[in-house]
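With my numbering as the guide, the letters of the sequence shown map in order to residues 2 to 226.
Where is the CB? At the ideal position from N, CA and C, for every residue including glycine.
What follows is a set of notes on a single structure, which appears directly below.
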Amino acid sequence: MESLRRRGRKHQSDKQLSLPIQPGHHKLILRGTRAQNEGKADRRGGGEKIAVLSPPTSMLAALLRAPNSVEANPLILADIPKPSPREHEICLQVHCCAICRTDLHTVEGELPLPKLPVVPGHQIVGIVEALGRGVKRFKEGDRAGVAWLRHTCGSCRYCRDENENLCDRAEFTGLQADGGYAQWTTVHEAFAYSLPSAFSDRQAAPLLCAGVIGYRALRLSEVRK
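Right under this line is the structure:
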């Protein structure tokens with residue numbers, strides 16, 4: 002992780018980033034570049050200069066430009082624009098993003114890729130940093146998670162029957178939209194999840210995919226205590 006920070010400070014974008022990424026290496030911490038953070042100053046009494054931090058406009062991300070085998074290191078560490086939340090969206094500062102086999106399918110081109118370049122990653126835990134207009138379920142500073150399912154139509158028979166994963170117009174995190182292998186990500190508030198404090202970031206992240214699958218199987222089996 003420290004190597005990622007050093008690269009970011011030196012602005013060495015488009016470096017090869019190998020998979021698999023070790024747990025914790027993906028815990029990218031919010032850091033503005035020196036040019037962004039030192040671009041302004043304020044004078045206080047006595048002639049002292051006080052730096053005024055400017056919000057960063059770019060971020061580091063593990064970017065997939067073209068699919069390839071994992072051995073070919075297809076993910077590239079790059080500076081890309083920081084996303085801004087649209088209406089009913091939240092912007093998360095990413096604390097942790099787990100790795101799923103589906104991410105490898107994406108990286109290696111075993112899934113159709115409607116968006117390239119794309120930032121993979123769909124087991125995301127972070128802190129709400131900014132709110133789009135109309136957001137009601139979250140406030141700044143809340144911890145939230147983002148999973149594979151990112152958006153559905155909400156009106157088809159599958160959505161009405163709580164089978165949103167079968168929606169013909171479903172969109173998925175890290176496939177149709179950039180995911181969590183980055184310092185920030187955005188998602189509609191309806192597809193973000195409040196996380197109990199009993200789970201650490203690393204514990205909660207895999208539950209947003211593998212945990213959801215297990216829960217759904219248990220629910221459909223109608224197992225009772």
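From the listed residues H189, V119, L112, C101, the smallest Cα separation to S85 is found for H189. Classified as exposed, R225 has fewer than 16 neighbouring CB atoms from the shown chains inside 10 Å of its CB.
The Cβ atoms of Q124 and A145 lie no closer than 7 Å to each other.
Beta-bridge partners of Q94 (DSSP): I128, W185.
For P82, the beta-bridge partners assigned by DSSP are S59.
Annotation: the continuous alpha helix (DSSP H) that includes V213 extends over 213-222. Straight-line spacing of the CA atoms in V126 and A205 works out to 7 Å. Separation of the CB atoms of E172 and G135 is rounded to 19 Å, and the pair is thereby denied contact status at 8 Å.
Look at T174 here: in three-state DSSP terms it is strand. Rounded to whole angstroms, A79 and A63 show a C-alpha spacing of 6 Å.
Linking R138 to H106 through their CA atoms gives a straight-line distance of about 32 Å. The shortest CA-to-CA distance from H152 to any of D143, E72, R170 is the one to R170. If you check the CB distance, P121 and G175 come in under 7 Å. Cα atoms of V108 and G181: separation of roughly 14 Å, rounded to the nearest angstrom. Ranked by how close their Cα comes to the Cα of D104, the residues L221, L219, C210 have C210 in first place.
Comparing C-alpha distances from V71 to each of I81, L61, R102, C92 shows the shortest one belongs to R102. Counting along the chain, H152 sits inside the beta strand (DSSP E) bounded by residues 150-152.
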